Amino acid sequence: MKLRNIAIIAHVDHGKTTLVDALLKQSGSVRDNQRVDERAMDSNDLERERGITILAKATSVVWKDVRINIVDTPGHADFGGEVERILNMVDGAVLLVDSAEGPMPQTKFVVGKALKVGLRPIVAVNKIDRPDARPDEVVNEVFDLFAALDATDEQLDFPILYGSGRDGWMNFDPAGPKEEGLAPLFDLVLRHVPEPKVEDGPFRMIGTILEANPFLGRIITGRIASGSVKPNQAVKVLSRDGALLEQGRISKILAFRGLERQPIEEAHAGDIVAIAGLSKGTVADTFCDPAVNEPLPAQPIDPPTVTMSF
Ligand code: GDP
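The opening position of the sequence shown corresponds to residue 4 in our numbering, with each subsequent residue numbered one higher.
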């Protein structure tokens, strides 16, 4: 199946969770009786209790026979390394901006990172249903922000959608029909975001997100740069400077399917998956076939974030 990997980036409260819920529903990726308000991308109760949101979660939807992996990014500057690793794992981004508030500090932070890693964000002016919406001004502010952050001409030429994640529609005309649903956004992602770049060679994947799970142990999420991987396959882990950290076997491969994460029997280059079975490898390390001796290009390692999952 063809793939697209995207991140959703936004200032807190500009509507990421609501939009992803609507994407899941409209792509048919969740069963009608499944509660979308479990909120795929929202922080879990533990995080909420502690008042922190550190887990970058992923989900996927299928649109016109293309699987779109959607990764959430923390908006907070404390997680700069994690945001950069995540943005390095995807090939496109949807930037949500509240149509009344306009760009906010976290918008600037994540846009800066997205532009730096070379992404060409799609701009979605969200919450256009608000009576105080001022879409034209907000688009100008976004343009000025991109320019101030040294966007290239290509990045400045961003496609713009207007809509309401809450009401489940996005289109190219702020005054246009509101009943179209999210098809314009899905179609734009397929058109505007390139397929994942894959390289030749045996299995290699860089660790992007680290998670501790009471049943599976350490789980590492990343994008497979080359080759493919199956459960029980022998792998080794190389540090950023190429030192051998560990040799072991993959116990499980989990793929993002709608709201759930499901075990799969094989994963291929370009896909974003989570692997379990190794005990030392961490973010920015290279998980690879035993024949590989060179780590993938270095990624930022800060902060040393470990997320609990249940
Ligand atoms: P997140 O922090 O970016 O994940 O934002 P949420 O999706 O949790 O939304 C934050 C708040 O904005 C919630 O109260 C939502 O109900 C509200 N919201 C989300 N989308 C829309 C929208 O399209 N229009 C309006 N008016 N409110 C929205």
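Backbone N, C-alpha and C fix where the C-beta goes; we use that ideal spot for every residue, glycine too. Remember, it's a predicted structure, so these values are computed and weren't measured experimentally.
| query | result |
| --- | --- |
| Heavy atom of the ligand GDP within 7 Å of Thr-20 beta-carbon | yes |
| Cutoff 6 Å; reference Gly-225; Cβ partners in own chain excluding five residues on either side | Met-208, Ile-209, Gly-210 and Thr-211 |
| From Gly-18, Thr-289 and Arg-260, residue whose alpha carbon lies closest to that of Leu-27 | Arg-260 |
| Distance CB(Val-126)-CB(Val-93) smaller than 8 Å | no |
| C-alpha distance - Glu-41 paired with Glu-214, whole-angstrom precision | Here Glu-41 scores only 47 on pLDDT, less than 50, and its place in the model is too uncertain to base an answer on. |
| Beta-carbon spacing of Val-113, Val-128 below 8 Å | no |
| heavy atom of the ligand GDP below 7 Å from Asn-3 C-beta | The chain is shown from 4 up to 313; residue 3 falls before or after that span and cannot be answered. |
| Contact under 8 Å by Cβ, Glu-87 with Pro-303 | yes |
| Buried versus exposed call for Pro-106 [16 or more other C-beta atoms within 10 Å across all chains shown] | buried |
| One or two residues paired with Thr-289 in a DSSP bridge | Ile-209 and Leu-241 |
| Arg-137 versus Met-4: straight-line alpha-carbon distance, rounded | 40 Å |
| Pick from Ile-89, Phe-82 and Gly-31 that is closest to Asp-68, judged by C-alpha positions | Gly-31 |
| Gly-84, enclosing alpha helix (DSSP H) - first and last residue | 83-92 |
| Range covered by the beta strand (DSSP E) that runs through Lys-5 | 5-13 |
| Arg-252, enclosing alpha helix (DSSP H) - first and last residue | From DSSP, Arg-252 is part of no alpha helix (DSSP H) but of the beta strand (DSSP E) over 247-252. |
| Cβ shell of Ala-301 (< 8 Å), same chain only, five flanking positions each side left out | Arg-243 and Ala-287 |
| Residues near Lys-19 in its chain [Cβ-Cβ closer than 7 Å; skip 5 each side] | Ile-11, Ala-13, Met-44, Asp-75 and Leu-99 |
| Arg-207 beta carbon near the ligand GDP (any heavy atom closer than 7 Å) | no |
| Segments of 3+ residues assigned as beta strand (DSSP E) that fall wholly inside the stretch 256-283 | 263-266 and 275-279 |
| For Pro-180 and Ala-59, the rounded distance between their alpha carbons | Low local confidence applies: a pLDDT of 42 at Ala-59 is under 50, so the model's placement there is unreliable, with the coordinate-based value given in what follows. Roughly 34 Å between the two C-alpha positions. |
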